[in-house]
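Asks: Here's a structure for you.
2 protein chains.
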Amino acid sequence: MKWDTLDEEPCSLSRTIAVVGDRWTLLILRECFLRVRRFEAFQSSLQITRHLLSERLKKLVRFGILRRVPYSEAPKRYEYILTQKGLDLYPIIMAMVHWGDTHMGDERGRPLLHEHKNCGKLFDPVMVCSECGEVLHAKQVHVHAGPGQREAVG
Amino acid sequence: MKWDTLDEEPCSLSRTIAVVGDRWTLLILRECFLRVRRFEAFQSSLQITRHLLSERLKKLVRFGILRRVPYSEAPKRYEYILTQKGLDLYPIIMAMVHWGDTHMGDERGRPLLHEHKNCGKLFDPVMVCSECGEVLHAKQVHVHAGPGQREAVG
DNA sequence: TTTGACAGTTCTATTTTAGAACTATAGCCT
DNA sequence: AGGCTATAGTTCTAAAATAGAACTGTCAAA
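Protein sequences appear in the order of chains A and B. FYI, the UniProt record's numbering numbers position 21 of the first sequence as 21, with every residue one higher than the one before it. FYI, the UniProt record's numbering numbers position 10 of the second sequence as 10, with every residue one higher than the one before it.
Written out as structure tokens, the structure reads:
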């Protein structure tokens, strides 16, 4: 597998893995969703090495997930803010959190609870069909080759 | 970070990353959802090294994501089948596929199209609130410490 | 002038992954 | 019987990624 061109594979999962498919990137993004924005803050809350953090932030900026925004002119300092593309990763992270809550829990109970401001209740994220609104299950989904796959293969 | 105990962290995202947080594991699971079950089939469709495939399958079995089921007695041969815990990873994979479709697409169009058998239509997966059914956005969610976090910290 | 905060970069050691070759069991063909 | 093929791995060495610590540069405040 050539990881350097994974983002051009004719597979949307591969392309997503090219961006978030390593152990640190999703943890960095979790911090972003918890309003962490600065290098030192990421580093101390994650205990990631400074080298790796620097690499990952650059990569996320390159892919348009984060924007590097100056917050101080002298000395020049930057913070990292989620773009819309980055905010759209939210369902991925919530799906992972929910799976962890369901299947990897221990006797201590859930680490975090999520409140939906619109309805005021504690909730779980649920994945539904955009057309009929029903809850999705793997066995009810049929996969077809789309135009991108036919072009890539044929 | 001690990756060997990541599945015991007081964070459901970390615990999920402990299982699926590397580049190959999610690609292997994609094949599982496409009904691939056997060692040779995984290896040839993914071009993963046999060594790594063997490691990853063992890990997925250890975590209860796959079951190793004999399909031939002499010689002893096994295939790998998703458990319910594994099937429940579907929303994660669909969320990643959807994000890739939306943000990493190219001029060739989508590689795969998904049909919901229940309603017969091509669909996108959408994440909603379990309580009110509205579409979820990061900014409408407020996070509280749950019992697992308080026990871990306090 | 010295100290400290912040945002990195650079270096070496360890761990992980890639790539290829090898092992083992058994059916089938001649 | 002897050799070929299929399947499911294991073992080996080289290359790449990550960990961990120290170092750099800028500026403000004491």
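All C-beta atoms in this analysis are idealised placements derived from N, C-alpha and C, irrespective of residue type, glycine included.
#1: Show which residues of chain A have a CB atom less than 9 Å away from the CB atom of L57(B).
#2: Quick one: does P70(B) have its CB under 7 Å from some CB of chain A?
#3: Could you pull the start and end residues of the alpha helix (DSSP H) that A152(B) belongs to?
#4: Which ranges does the beta strand (DSSP E) cover as unbroken runs of at least 3 residues, wholly within the stretch 49-91 of chain A, from first to last along the chain?
#5: Would you mind working out which of M104(A), F123(A), K117(A) and V141(A) sits nearest C119(B), comparing C-alpha positions?
#6: Out of curiosity, what's the CA-to-CA distance linking C106(A) and R15(B)?
#7: Can you check which of these residues, W3(A), L112(A) and A74(A), is closest to D22(B) by C-alpha distance?
#8: Between P111(B) and chain A, is there a C-beta pair that is closer than 7 Å?
#9: Could you name the residues of the same chain whose beta carbon sits closer than 7 Å to that of K85(A), not counting the 5 residues immediately before and after it, in chain order?
#10: State the DSSP-derived secondary structure class of H137(A), mapped to helix, strand or coil.
#11: Does M104(B) come out as helix, strand or coil in the three-state DSSP assignment?
#12: Taking the alpha carbon of L89(B) as the point to measure from, which residue in K139(A), K121(A) and H114(A) has its own alpha carbon closest?
#13: Taking the CB atoms as reference points, tell me whether P91(B) and M1(A) lie closer together than 7 Å.
#14: M94(B) by DSSP, collapsed to three states: which one?
#15: Tell me which residue opens and which closes the alpha helix (DSSP H) that C129(A) is part of.
#16: Thinking F123(B) and S130(A) are a contact (beta carbons under 8 Å), I'd like their distance in whole angstroms, please.
#17: For E115(A), list the residues DSSP reports as bridge partners.
#18: Tell me the DSSP secondary structure of R30(A) in three-state form.
#19: Under a three-way DSSP split, which group does R23(B) fall into?
#20: Quick check: the stretch 43-62 of chain B against the stretch 24-40 of chain A, are at least 3 beta-carbon pairs closer than 8 Å?
#21: Does the CB of V61(A) have a neighbour CB from chain B at under 7 Å?
#22: Name the two residues that bound the continuous alpha helix (DSSP H) containing Q43(B).
#23: Round the Cβ separation of L112(B) and V143(A) to the nearest angstrom and send it over; I've been treating them as touching at under 8 Å.
#24: Is any beta-carbon of chain B found at less than 7 Å from that of I17(A)?
#25: Can you name the residues of chain B whose CB is closer than 8 Å to the CB of P147(A)?
#26: According to the neighbour-count rule (16 or more other Cβ atoms, all chains shown, within 10 Å of its Cβ), is R68(A) buried or exposed?
#27: For H93(A), return the contacting residues in chain B, with the cut-off set at a CB-CB distance below 8 Å.
#28: Name, please, each residue of chain A whose Cβ falls closer than 8 Å to the Cβ of S130(B).
#29: Under a Cβ-count criterion, where at least 16 other Cβ atoms within 10 Å of its own Cβ denotes burial, should E9(A) be classed as buried or exposed?
#30: Measure the Cβ-Cβ separation of E151(A) and R108(B) and say whether it is below 7 Å.
#31: Can the beta-carbon of L26(B) be found closer than 7 Å to that of V19(B)?
Replies: According to the structure data:
#1: As a first step, residue 57(B) is located in the second sequence; it is residue number 57 there, counting from the start. Going along chain A, no residue has its Cβ under 9 Å from L57(B), so there is no contact; the nearest lies around 17 Å.
#2: The sequence position of residue 70(B) within the second sequence is 70, counting from 1. Judged by the 7 Å Cβ criterion, P70(B) is not in contact with chain A.
#3: Position 152 of the second sequence, counted from the start, is the residue given in the question as residue 152(B). Run containing A152(B): P147 to V153, per the alpha helix (DSSP H) assignment.
#4: 66-72 and 77-82
#5: Here residue 119(B) corresponds to residue number 119 of the second sequence, with the count starting at 1. Of the listed residues, the one whose Cα sits closest to C119(B) is V141(A).
#6: Numbered from its first residue, the first sequence carries residue 106(A) at position 106. Numbered from its first residue, the second sequence carries residue 15(B) at position 15. It should be noted that the sequence gives Asp, not Cys, for residue 106(A). Going by the C-alpha atoms only, they are around 11 Å apart.
#7: Taking the second sequence and counting its residues from 1, the one referred to as residue 22(B) is at position 22. Ranking the options by Cα distance to D22(B), first place goes to W3(A).
#8: Locating residue 111(B) in the second sequence gives position 111, where the first residue counts as 1. So yes, P111(B) belongs to the interface.
#9: Mapped onto the first sequence, residue 85(A) falls at position 85. Closer than 7 Å at the Cβ level, and outside the excluded window around K85(A), lie G64 and I65.
#10: As a first step, residue 137(A) is located in the first sequence; it is residue number 137 there, counting from the start. Of the three classes helix, strand and coil, the one that applies to H137(A) here is coil, per DSSP.
#11: Residue mapping note: residue 104(B) aligns to position 104 of the second sequence, counting from 1. DSSP places M104(B) in coil when its eight states are reduced to three.
#12: If you number the second sequence from 1, residue 89(B) lands on position 89. The option with the nearest alpha carbon to L89(B) is K139(A).
#13: Position 91 of the second sequence, counting from 1, holds the residue named residue 91(B). Position 1 of the first sequence, counting from 1, holds the residue named residue 1(A). No, the pair does not count as a contact, with Cβ atoms beyond the cut-off.
#14: For the purposes of this step, residue 94(B) is taken as the residue at position 94 of the second sequence. In the structure shown, M94(B) sits in a helix (DSSP, three-state: H, G or I).
#15: Residue 129(A) sits at position 129 when you count from the first residue of the first sequence. Taken as a continuous stretch (DSSP letters only), C129(A) belongs to no alpha helix (DSSP H), being part of the beta strand (DSSP E) at P125 to C129.
#16: Taking the second sequence and counting its residues from 1, one reaches residue 123(B) at position 123. Taking the first sequence and counting its residues from 1, one reaches residue 130(A) at position 130. Right, the Cβ-Cβ distance comes to about 5 Å (below 8 Å), so this counts as a contact.
#17: Here residue 115(A) is taken as the residue at index 115 of the first sequence, counted from 1. Paired residue(s): L122(A) and H142(B).
#18: For the purposes of this step, residue 30(A) is taken as residue 30 along the first sequence, with counting starting at 1. In the structure shown, R30(A) sits in a helix (DSSP, three-state: H, G or I).
#19: On the second sequence, residue 23(B) is found 23 positions in, with the first residue counted as 1. Here R23(B) sits in helix by DSSP.
#20: no
#21: As a first step, residue 61(A) must be located in the first sequence, where it is residue number 61. Not closer than 7 Å to any Cβ of chain B, the Cβ of V61(A) fails to qualify, so no.
#22: Along the second sequence, read from residue 1 onward, the residue named residue 43(B) stands at position 43. Its alpha helix (DSSP H) spans residues F39 to L46.
#23: As a working mapping, residue 112(B) is identified with position 112 in the second sequence. As a working mapping, residue 143(A) is identified with position 143 in the first sequence. At roughly 5 Å, the Cβ-Cβ gap stays under 8 Å, so L112(B) and V143(A) are in contact.
#24: As a working note, residue 17(A) is residue 17 in the first sequence. By this cut-off, I17(A) is an interface position.
#25: Working through the first sequence from its first residue, we reach residue 147(A) at position 147. Chain B residues near P147(A): R108, G109 and R110.
#26: Taking the first sequence and counting its residues from 1, the one referred to as residue 68(A) is at position 68. Result: exposed.
#27: Indexing the first sequence from 1 puts residue 93(A) at position 93. For the record, residue 93(A) in the displayed sequence is Ile; it is not His. By Cβ distance, chain B contributes L13.
#28: The count along the second sequence starts at 1 and reaches residue 130(B) at position 130. Ordered by position in chain A, the residues that pass the 8 Å Cβ test against S130(B) are F123, D124, P125 and V126.
#29: Here residue 9(A) is taken as the residue at index 9 of the first sequence, counted from 1. With 16 or more Cβ atoms within 10 Å of its Cβ, E9(A) is classed as buried.
#30: Here residue 151(A) is taken as the residue at index 151 of the first sequence, counted from 1. Here residue 108(B) is taken as the residue at index 108 of the second sequence, counted from 1. Yes. Within cutoff.
#31: Counting from 1 along the second sequence, the entry for residue 26(B) is found at position 26. Counting from 1 along the second sequence, the entry for residue 19(B) is found at position 19. No. Outside cutoff.
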